[in-house]
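S.K.: Below is the structure I would like to discuss, written out as structure tokens.
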Amino acid sequence: MASIFSKIIAGEIPCYKIAEDENFLAFLDINPVAKGHTLVVPKKEVDYIFDMEDQLLSEMMVFAKRVGLAIQKVIPCNRIGISVIGLEVPHAHIHLMPINNLHDMSFEKSRLDFSPDQYHDIAAEISGQFK
Ligand code: AMP
Numbered sequence: 057m058a059s060i061f062s063k064i065i066a067g068e069i070p071c072y073k074i075a076e077d078e079n080f081l082a083f084l085d086i087n088p089v090a091k092g093h094t095l096v097v098p099k100k101e102v103d104y105i106f107d108m109e110d111q112l113l114s115e116m117m118v119f120a121k122r123v124g125l126a127i128q129k130v131i132p133c134n135r136i137g138i139s140v141i142g143l144e145v146p147h148a149h150i151h152l153m154p155i156n157n158l159h160d161m162s163f164e165k166s167r168l169d170f171s172p173d174q175y176h177d178i179a180a181e182i183s184g185q186f187k
């Protein structure tokens with residue numbers, strides 16, 4: 057069965073899209089740990105990130121860097137934190153999160169909630185900075 061991220065990639069489920077190329081898609085996490093929390097996923101469905109072919113994995117990190125720099129232009133922060141968990145959705149993905157301290161990276165924090173309009177605006181702003 058296709059993963060939920062494959063359904064997003066196929067356009068069967070909506071997302072707040074940040075950026076896309078031939079191999080990758082970046083969109084806002086729907087249960088964000090921080091404003092601007094973004095997921096970068098390969099269009100080719102692979103469950104475990106370390107099962108990805110080396111070239112594609114390298115390219116995903118470079119794509120994530122471009123997305124992270126765009127997030128940083130929109131959301132004031134010290135750094136963009138990068139993490140890979142993958143315990144919930146069996147489709148490789150990188151979490152990008154604007155952070156100011158270690159606590160900001162915690163997935164145990166209560167998640168934020170934004171209205172559809174707010175998610176839309178955040179995604180549009182970040183997308184506008186993507187180069
Ligand atoms: P994990 O697999 O543990 O790295 O967590 C998966 C992440 O995907 C969580 O932070 C979820 O909030 C996020 N997520 C799950 N479904 C969606 C969706 N339909 N759109 C955006 N983010 C999602």
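According to my numbering, the residues represented by the sequence shown are 57 to 187, in order. By construction, the Cβ of each residue, glycine as well, lies at the ideal position given by its N, Cα and C atoms. These numbers were taken from a predicted model, which means no experiment stands behind them.
#1: Please name the residue or residues paired with Leu152 in a DSSP beta bridge.
#2: From the DSSP output, which residues share a beta bridge with Leu84?
#3: Measure from the alpha carbon of Ala90 to the alpha carbon of each residue in Tyr175, His149, Leu81 and Val97, then state which is nearest.
#4: Between the C-alpha atoms of His93 and Met153, what's the straight-line distance to the nearest angstrom?
#5: For the ligand AMP, which residues count as neighbours when the test is a C-beta closer than 5 Å to any heavy atom?
#6: Cutting at 7 Å between CB atoms, please list the residues of its own chain near Asn156, excluding the five before and the five after it.
#7: Less than 8 Å between the beta carbons of Met116 and Ile150, yes or no?
#8: Could you give the C-beta distance for Val97 and Phe80, rounded to a whole number, given that I count them as a contact under 8 Å?
#9: Output the distance between the C-alpha atoms of Pro70 and Leu158, rounded to the nearest integer angstrom.
#10: Report the three-state DSSP secondary structure of Ala180 (helix, strand or coil).
M.R.: So, to answer that:
#1: Thr94 and Ile138
#2: Thr94
#3: Tyr175
#4: Going by the C-alpha atoms only, they are around 5 Å apart.
#5: Asp85, Ile86, Asn87, Ile141, Gly142, Leu143, Glu144 and Val145
#6: Cys133 and Asn134
#7: yes
#8: That pair is a contact at about 7 Å.
#9: 31 Å
#10: In the structure shown, Ala180 falls within a helical segment according to DSSP collapsed to helix, strand and coil.
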